Amino acid sequence: MLPPDPSKKLISDFKNQSGVSSEDLFQSISKDVQWLEVKYGEVLLFDQGYPHGNRVNEELDTRWSMNCRFKSVFTPYGDKKLGEFFEPITLRAASKIGMEYRFPKVK
């Protein structure tokens, strides 16, 4: 994880990183990265706005992760890519009202 201060600095400067490879970006922040140990049965939750990524596993142990993302029922998700899956899990009252709305007929 990138601690709050270096994370804020990275986010504020992110527009200047256009064209930079993910490896070069990682190398520029690597001294500040703090690796986390997530033990068997534990989960790590974070906001999608938090800078995150992967590294090539060069250890003999296998790593496994599952990516779960939550979206609004009305958020477009027709641009799904290979390996992506979205399914609404909770409908709030406002969502139910919106789903029952019928557009007026245009003559």
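Counting from 12, one number per residue, gives the positions in the sequence shown under our numbering.
Cβ atoms here follow ideal geometry from the backbone N, Cα and C, with glycine treated the same way.
No experiment lies behind these values; they were computed from the predicted model shown.
Taking the alpha-carbon of residue i as reference, which of the options has the nearest alpha-carbon?
i: GLY52; options: GLU70, SER76, PRO62; result: SER76
i: LEU21; options: ARG80, LYS50, ILE40, SER32; result: ILE40
i: LYS42; options: THR73, VAL117, MET12, ASN78; result: MET12
i: VAL54; options: PRO14, LYS116, ASN78, GLU111; result: ASN78
i: GLU48; options: ARG74, ASP35, GLY30; result: ARG74
i: GLU34; options: SER83, LEU56, ARG66; result: ARG66
Can you give me the C-alpha to C-alpha distance between residue i and residue j, rounded to a whole angstrom?
i: ARG103; j: PHE114; result: 21 Å
i: SER18; j: ASP58; result: 13 Å
i: GLY109; j: THR86; result: 13 Å
i: GLY60; j: GLN45; result: 18 Å
i: LYS26; j: HIS63; result: 16 Å
i: ASP16; j: LYS118; result: 57 Å
i: SER106; j: PHE81; result: 15 Å
i: GLN28; j: GLN38; result: 13 Å
Ends of the alpha helix (DSSP H) at residue i?
i: MET110; result: 104–111
i: PRO17; result: 15–23
Does the beta-carbon of residue i, which I'm using as the reference point, lie nearer than 8 Å to any heavy atom of the ligand ADP?
i: PHE81; result: Looking at this structure, you won't find the ligand ADP or any other ligand, since it has none at all.
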